[in-house]
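Residue numbers (our numbering): 63 to 482. Beta carbons are placed, not taken as given, at the ideal position from N, Cα and C, and that holds for glycine.
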């Protein structure tokens, strides 16, 4: 796939995936179109050599894998479906001061200030009881801009351009309307009806998040950059998804995109859960064969990397400060916040060199903290050799993130060409 087609598809995927549920649904549809067979965790699996499969958990995590006849040295790629956002509280509606607004809870380590004065919509999963007294769930996406978080005018905030802080409870409630007759249940039923669901007897629970309605796009004098919400980490999800769709079934490859990375991965659908381990055991039910597969395979944990910020260069180690559009980043941390080691790095470097793809390195300043990824979690739980890589990004965890137009396609070529 050429770079232009790759990036155009990326923009569409970003716009269509405002929540982990939507991202997982869209990847599942891509796998269906590519000939992958859907599995269900509650059913017995009868895997056939030479086929390719996918399975989801919680509607928000997904695994896809090829199943060749003899090869067991898998190239695995891990990413995550979730991004920092504002999640709706269960009893969200607040009516006061002549407006209707929603109570929210920040999810993950998001930058709060960029959420002010943005056109916001709402999407996620809704659970309900239908007219046959059966529990159901459905995805909704309002798409229309329905809310805004207005800034406080500078005349009333002398700290606005100084050391202003944002109160997570009181300062960032999205405002929806001046019509105080608003009813939340009627609103949700209306959205379900828009999806053709009209048999709702009772609404139960929901997992809904606000998102910025501005579309993903290219920016820069020569379209140097891609800017969008949720680049961290849908950029890696899209790249890995296309990679496994591009290889033939004789290549042993697996892709997992897990939910809840931004809050620690400790959930039934997170990398700290059993999803990957359960799947691998069902692929290789003989324990000796399973261990042989794990120890001969490689996990590539793909998450975004901090590109050197041209306005804040002092925040970086100058010898390990990646540049946008200069290649995939290998992430290293002596304290195992990243899982890369000399052996896994060498394997990745060897493939990149063979394909003439550039690589960069990131190590955080020794006097600053370091974030982590699913890499160390997966390496610990599964016992698989792992490398952490990423794509150079600015404004990570903002409502609008920026990456280069060249780097994701470079990672795609490396993943497709990777062998263990």
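Q) What is the DSSP secondary structure of residue 294, counted as helix, strand or coil? A) helix
Q | Sub-9 Å separation of residue 477 and residue 162 beta-carbons | A | No, the pair does not count as a contact, with Cβ atoms beyond the cut-off.
Q: Using 10 angstroms around the beta-carbon of residue 217, count the other beta-carbons present and answer buried if the total reaches 16, otherwise exposed.
A: exposed
Q) According to the Cβ coordinates, are residue 361 and residue 392 closer than 9 Å? A) no
**Q.** DSSP bridge partner residues for residue 266 (one or two, in chain order)
**A.** Answer is none; residue 266 lacks a bridge partner.
(Q) Check this for me: beta carbons of residue 467 and residue 286, under 9 Å apart or not? (A) yes
**Q.** Among 429, 182, 277 and 125, the one whose alpha carbon lies nearest that of residue 164
**A.** Checked all of 429, 182, 277 and 125; the closest Cα to residue 164 is 182.
Q) What is the DSSP secondary structure of residue 259, counted as helix, strand or coil? A) coil
Q) Taking buried to mean at least 16 other C-beta atoms within 10 Å of its own C-beta, is residue 343 buried or exposed? A) exposed
Q. Between the region 193-207 and the region 256-264, are three or more C-beta pairs nearer than 8 Å?
A. yes
Q.
Checking 9 Å against the spacing of the C-beta atoms, do residue 75 and residue 126 come in under that value?
A. With a cutoff of 9 Å on beta-carbon distance, residue 75 and residue 126 are scored as not near each other.
Q. Can you give the Cα-Cα distance for residue 204 and residue 253, rounded to whole angstroms?
A. 7 Å
**Q.** Nearest neighbour of residue 63, chosen from 479, 471, 480 and 482 [CA to CA]
**A.** 471
Q) Starting from residue 140 and walking both ways along the beta strand (DSSP E), at which residues does that stretch end? A) 137-142
Q.
Taking the straight line between their C-alpha atoms, what separation do you get for residue 453 and residue 434?
A. 15 Å
Q. Buried or exposed: which applies to residue 86, given that a residue is buried once 16 or more other Cβ atoms fall within 10 Å of its Cβ?
A. buried
Q.
So, for residue 474: in the same chain, excluding its five sequence neighbours on each side, which residues have a beta-carbon less than 7 Å away from its beta-carbon?
A. Excluding positions up to five away in sequence, the list reads 68, 301, 304 and 305.
Q. Do residue 398 and residue 438 have their C-beta atoms within less than 9 Å of each other?
A. yes
Q: Check the C-beta distance from residue 461 over to residue 180 and give it rounded, since I have them as a contact under 8 Å.
A: 6 Å
Q: With a cut-off of 8 Å on the beta carbons, I'd call residue 130 and residue 311 a contact; round off their distance for me.
A: 6 Å
Q) According to DSSP, what are the bridge partners of residue 456? A) 464
Q: Would you kindly check if the distance between the Cβ of residue 271 and the Cβ of residue 88 is under 9 Å?
A: Cβ atoms of residue 88 and residue 271: not closer than 9 Å.
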